[in-house]
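Chains as they are written, first to last, in this note's numbering: chain A, 1 to 408; chain B, 1001 to 1148.
Below you'll find the structure, written out as structure tokens, and then a few comments.
Structure follows, in structure tokens:
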């Protein structure tokens, strides 16, 4: 029996910024409501729920179901995926298994982050454990990470330092320039200008990017994404149900992912498969997704690529097969990634300009791809868009997801 | 191997590694100012970063390795100059270099490059290990330029 084709049938999201200071679960509920309304489904139709955020465990899914008033009836399929920027890509894979096995009929995937509110709340809690370092708290739970023992003692500035390591090596090996990286940020901002939901909308130039202050060389401030509170949600079902719903189905035809090392020293070590920090396993994820979808990179009309940093995009363009290895930089030049260009990127402004809602951004990109393929994007619409690829990345380019969507 | 004599001990307030049963010998060696890796007794594979299972994709050896002293020399494989500090304890060092060293034995280690101006650091730069005694139990391996 042929596998059932999967479709996204509802999308929705909150405004970005979270000025009211909602906890993330409250944002999830709002995004879920909008996605269900968009699909014309009630919550009783939702028998699968996957929650993507930075909560430490699966209980965020239980809490979200409770806040949606779904606590009192049995749900066959309920889980959380919390592994950063690749979360929604993995949620797609879980949803596919649940839908094709009959375990669930409509799976709601919701993801987000509360933004700065969350960090302030954590700071408020800090005085209760004054004598303990972060390392001590983790070790005290019987957990360990190589990064905590062998990276953090050397003072990395969050994840930015780690991605900067990859950018520096990429520039060294392939001659990639700061101006080429900046072109990614400029393209995203050009699109954000037309998106009322975006956090930053004033146009910027390549000079603005390379003249903004260094954070971790070679990254300037405007090479780095913009933290923001927000949540997005979408509903996945199978072909037989999708045809009867409100919107034309947008098909999820390719789901690929691949994982390598998390700790930096191991990520840099070239494996006998030929992968290292600047030649990443996104290649495997992309090849798998394209094979499933039965199309090639040249068939893709637009991309939504995880833009934690400008270099993250250049490496995805290479590893997913849009540019030869090492030529992501030249590929980004000349407006190729802007609306009207050959391969429009992040048509809502991406995380660089619309904002990064933590793990939720992986959901945000799926929704933007679906909206484009429906033809619902107004002045941001890519004409005649039939195929879109969503790239997801977590760790320091440790984990990759590639999701390919198609319109009829 | 040299010692960074400027390093304080009692006032150190940055994140300090907490050894696990597996990594304790690595940190004990660092305390003696020796850098070490694990060498598999079954397949002779050398790996960095303490773990119980051999890192050779074709070898499942468990708890069957020797600790081996490494030369402590290598080159900068990649690096970043941090212009922002993760917390106030690092602010006095800004800007400072966080990077990855490819050791002469072929394994990679994350560390700081110290003892020179950050603007002098480049990929391929020859470096050697220097230990910073940060507590009674922990000495952090760091790297400084070496002449070839």
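Glycine is no exception: its CB is placed at the ideal position from the N, C-alpha and C atoms.
- Taken atom to atom, the span from the alpha-carbon of residue 309/A to that of residue 337/A is near 15 Å.
- Residue 208/A: member of the alpha helix (DSSP H) spanning 206-210, first to last residue.
- Here residue 135/A is near residue 1018/B, since their CB atoms are less than 9 Å apart.
- Taking 9 Å as the cut-off, the beta carbon of residue 83/A is found no closer than this to the beta carbon of residue 191/A.
- When CB distances to chain B are screened at a threshold of 8 Å, not a single residue of the region 178-212 of chain A falls below it.
- Taking residue 189/A as reference, the option from 202/A, 334/A, 403/A with the minimal CA-CA separation is 202/A.
- If you ignore the 5 residues before and after residue 1056/B, its C-beta comes within less than 7 Å of the C-beta of 1040, 1043, 1045, all in its own chain and listed in chain order.
- At the C-beta level, residue 176/A and residue 314/A come within 9 Å of one another.
- Those residues of the region 1076-1095 of chain B placed with their C-beta closer than 9 Å to a C-beta in chain A are 1077, 1078, 1079, 1080, 1081, 1082, 1083, 1084, 1085, 1086, 1087, 1089, 1090, 1093, 1095, ordered along the chain.
- Taking 9 Å as the cut-off, the beta carbon of residue 382/A is found no closer than this to the beta carbon of residue 365/A.
- For residue 1065/B, not one C-beta of chain A is nearer than 9 Å to its own C-beta.
- Excluding sequence positions up to five before and after residue 105/A, its CB lies within less than 8 Å of the CB of 45, 47, 48, 99, 237, 238, 241, all in the same chain and listed in chain order.
- Along the region 1011-1029 of chain B, the positions whose C-beta sits under 8 Å from a C-beta of chain A are 1014, 1015, 1016, 1017, 1018, 1019, 1020, 1023, read in chain order.
- Between residue 406/A and residue 253/A, the beta carbon gap of about 5 Å places them in contact (Cβ cut-off 8 Å).
- Counting the other CB atoms within 10 Å of its CB gives residue 1049/B a total of 16 or more, which places it among the buried residues.
- Along the region 152-168 of chain A, going in chain order, the ones with a CB nearer than 7 Å to a CB of chain B are 152, 153, 154, 155, 156, 157, 158, 161, 164, 165, 168.
- Secondary-structure assignment with DSSP links residue 1026/B through no beta bridge to anything.
- In the DSSP assignment, residue 1040/B falls within the beta strand (DSSP E) that extends over 1036-1040.
- If you draw a straight line from the Cα of residue 167/A to the Cα of residue 1081/B, it comes to about 12 Å.
- If you draw a straight line from the Cα of residue 379/A to the Cα of residue 386/A, it is about 17 Å long.
- Counting only runs of at least 4 residues, the region 44-107 of chain A fully encloses the following alpha helix (DSSP H) elements, listed from N- to C-terminal order: 59-67, 87-101.
- Within 10 angstroms of the beta-carbon of residue 243/A lie fewer than 16 other beta-carbons, which makes it exposed.
- Of all residues in the region 1103-1131 of chain B, only 1106, 1107, 1108, 1109, 1110, 1111, 1112, 1118, 1122, 1123, 1124 place a beta-carbon less than 9 Å from a beta-carbon of chain A.
- With 16 or more other Cβ atoms from the protein chains shown falling within 10 Å of its own Cβ, residue 10/A counts as buried.
- About 18 Å separates the Cβ atoms of residue 325/A and residue 288/A, ruling out a contact at the 8 Å cut-off.
- At a cut-off of 9 Å between beta carbons, residue 309/A makes no contact with chain B.
- A residue is called buried when at least 16 other Cβ atoms come within 10 angstroms of its Cβ; residue 169/A meets this threshold and is buried.
- Looking at the DSSP output, residue 1044/B sits in no beta bridge, so it has no partner there.
- According to the DSSP assignment, residue 1127/B belongs to the beta strand (DSSP E) that extends over 1126-1133.
- Residue environment: residue 28/A is assigned as buried (16 or more neighbouring CB atoms within 10 Å of its CB, all protein chains considered).
- If you ignore the 5 residues before and after residue 367/A, its C-beta comes within less than 7 Å of the C-beta of 11, 13, 232, 234, all in its own chain and listed in chain order.
- With a cut-off of 8 Å on Cβ pairs, the region 1096-1113 of chain B is in contact with the region 154-162 of chain A, counting three or more such pairs.
- Here the alpha carbon of residue 5/A sits roughly 52 Å from the alpha carbon of residue 1066/B.
- Around residue 133/A, the beta-carbon contacts reaching into chain B at under 8 Å are 1015, 1016.
- Residue burial annotation: residue 307/A is buried, with at least 16 other C-beta atoms found within 10 angstroms of its C-beta.
- For residue 59/A, the closest of 214/A, 227/A, 78/A by C-alpha to C-alpha distance is 78/A.
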